[in-house]
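Please read the structure below before turning to the comments.
Residue numbers (the numbering used here): 828 to 1221.
Laid out in C-alpha cells, this is it:
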C-alpha cells in the first residue's frame, strides 16, 4: 500500500496510541521508583529501630535472697591440749635414765626420768653434819643452862650469868632450826631428781637423753619433757569484732581437720578474751571439743563453723551484683520504668559467692545480677525474658 493511500484518521489514531503507551510507561516507572524508595525507607527505619534496640543492654534481675548461705560464721582455728605442762629440772646433774618416750600415755605421779646429783648428795651430807653439830651444841647449852638455874637457887652465881647461859641456849636452838631447814631444803631438791607426770596424759615431747647435763630452772635449761592432756582439746578462734555479740559462751560449732576431711566434730564456746586485738580487730574465743578417740592432734589447724542467730530480715545478693567505684559500694536495681536505680548498701557478712547486706535494699527490689560495664543511674535496660520494646519490633 502506498503512503499516499494512508488515511488521515488512521494516522491520528496511531499518534494517540503512542501517547497513551508513553503515559502508561511513565506511570509504571514512577510507581516502580516510588515502591523502591518506600521499601528503602522502611528498611532504613527497621534497621534504625533494630540498632536502637540492640543499644539497650539486656540484664538479668532477681529480688534479694533471704540469707541464702545460712547462719554460719566460718573461721580458721588452732587446736591446743586442754592441759599442757612443760617439765623442767629443779636440780642440776646428769640424766640417769628415762622411762617414757613421746606418745607414751602416763598417769599422774608416774616416773618419767631420774637425775644423778653427786654435788647435791655431798651438800646434803654436809648439811646433815652441820645439823648434828648444831644439835650437839644445843644439847650442851641446854644442860649448862639447867645447871646454872639450880646454882642460882643457892645464890652462888649472879642472875646475869644465868641469863647469859639461858640466852646461849636459845641461840643454839635457833642454829639447830636453821640447820634442820637447810637439810630439809636439800632433801626437797633431792626429791626433784625424780621427774614425774603432773597429771594423766601423753608425753608429747622429750628433749633429753641418758648422760645429758641437766641445769636447774627453766632459765638455765630447756624443758626435759612435755605432758599434755589430749582427752579434751581447746580450740582458739579469732572472731571479728562485729560478730562477737552473736557468739556468747555456749554457742555450738562444728570443726573439721585436713587429715579427717570427711569427719565433723562438735565444739562449744567456753570463754572469750573479752577484749579486741587492736591490730587484727578480732576477739580471741576459746572452744572445747571432746577428743576421747584421739583423732584430733594438738597444735593442728582446723576449719571452724560457728552457729549464729537467725536474722529473718537479712537480705543477700550475689557477690557479682556489687559495684564499687568512686561513689562507694552500691547495687544497681531496675525501676518500674526499666531504668537503672543505683542504691548504696552496707555489708553485714561476706560468704564468698553471696553477700549478706546490712542495709540499702528492700525485698521487692529488682537487683541486676551482673551489671554491664559502664552502667549508670537512669539508663534504660531490657530485663531478660521480657519482650522487646514496641519500637524495636519490625
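All residues carry an ideal CB built from backbone N, CA and C; glycine is no exception.
Over what stretch of residues does the beta strand (DSSP E) that includes residue i continue unbroken?
i            : result
residue 1177 : 1173–1177
residue 907  : 899–914
residue 1132 : 1128–1134
residue 1185 : 1181–1186
residue 1155 : 1155–1161
residue 1205 : That residue, residue 1205, is in no beta strand (DSSP E); it is neither H nor E in DSSP.
residue 1143 : 1142–1145
residue 922  : 920–925
Are residue i and residue j close, meaning C-beta to C-beta below 8 Å?
i            : j            : result
residue 933  : residue 940  : no
residue 1051 : residue 918  : no
residue 1123 : residue 1080 : no
residue 1174 : residue 1031 : no
residue 1109 : residue 1065 : yes
residue 960  : residue 992  : no
residue 1116 : residue 1184 : no
residue 1043 : residue 908  : no
residue 1211 : residue 1169 : no
residue 1160 : residue 1192 : yes
residue 922  : residue 942  : yes
residue 904  : residue 1131 : yes
In the DSSP assignment, find the alpha helix (DSSP H) that holds residue i and state where it starts and stops.
i            : result
residue 1084 : Looking at the DSSP string, residue 1084 is not in any alpha helix (DSSP H); the run it does join, the beta strand (DSSP E), is 1079–1084.
residue 994  : 986–1018
residue 957  : 945–980
Does DSSP classify residue i as helix, strand or coil?
i            : result
residue 844  : helix
residue 1113 : strand
residue 930  : coil
residue 896  : In this predicted model, residue 896 has a pLDDT of only 48, less than 50, meaning its place in the structure is not dependable; the value taken from the coordinates is given anyway. In the structure shown, residue 896 sits in coil (DSSP, three-state: anything other than H, G, I, E or B).
residue 852  : helix
residue 1101 : coil
residue 1035 : coil
residue 1197 : coil
residue 1071 : helix
residue 1095 : strand
residue 1055 : strand
residue 1168 : strand
residue 889  : strand
residue 1024 : coil
residue 883  : coil
residue 1124 : coil
What's the gap between the Cα of residue i and the Cα of residue j?
i            : j            : result
residue 1126 : residue 1063 : 10 Å
residue 1172 : residue 913  : 52 Å
residue 1207 : residue 1145 : 22 Å
residue 1024 : residue 1141 : 53 Å
residue 1069 : residue 1093 : 24 Å
residue 1189 : residue 1107 : 33 Å
residue 946  : residue 1013 : 11 Å
residue 1129 : residue 1027 : 25 Å
residue 988  : residue 1041 : 54 Å
residue 1254 : residue 925  : Nothing about residue 1254 can be read from this structure; the chain reaches only from 828 to 1221.
residue 1083 : residue 1089 : 8 Å
residue 1074 : residue 1166 : 42 Å
residue 865  : residue 1143 : 54 Å
residue 884  : residue 892  : 24 Å
residue 862  : residue 1164 : 39 Å
residue 1135 : residue 1105 : 24 Å
residue 906  : residue 1020 : 33 Å
residue 1091 : residue 920  : 48 Å
residue 1120 : residue 1113 : 21 Å
residue 985  : residue 1022 : 59 Å
Got a sec: does the ligand SAH put a non-hydrogen atom nearer than 7 Å to the Cβ of residue i?
i            : result
residue 1002 : Only the bare structure without any ligand can be found here, which leaves the ligand SAH out of the picture.
Is residue i close to chain C? Criterion is C-beta to C-beta, closer than 8 Å.
i            : result
residue 1131 : The structure shown contains no chain C; it holds only a single protein chain.
**Request:** Evaluate contact between the region 951–969 and the region 1053–1068, counting only Cβ atoms and requiring at least three cross-stretch pairs below 8 Å.
**Result:** no
**Item:** Sufficient close CB pairs (3 or more, under 8 Å) joining the region 960–974 to the region 999–1011
**Value:** yes
**Item:** Meets three-Cβ-pair contact criterion under 8 Å: the region 1007–1014 and the region 970–984
**Value:** no
**Asked** Do the region 1138–1152 and the region 849–859 touch if we need at least three Cβ pairs shorter than 8 Å?
**Response** no
**the region 1186–1206 in contact with the region 885–894 per 3-pair CB rule at 8 Å** = These segments touch.
**Three-pair Cβ contact test at 8 Å for the region 1097–1116 versus the region 1151–1165** = Contact between the region 1097–1116 and the region 1151–1165 is not established, with fewer than three Cβ pairs separated by less than 8 Å.
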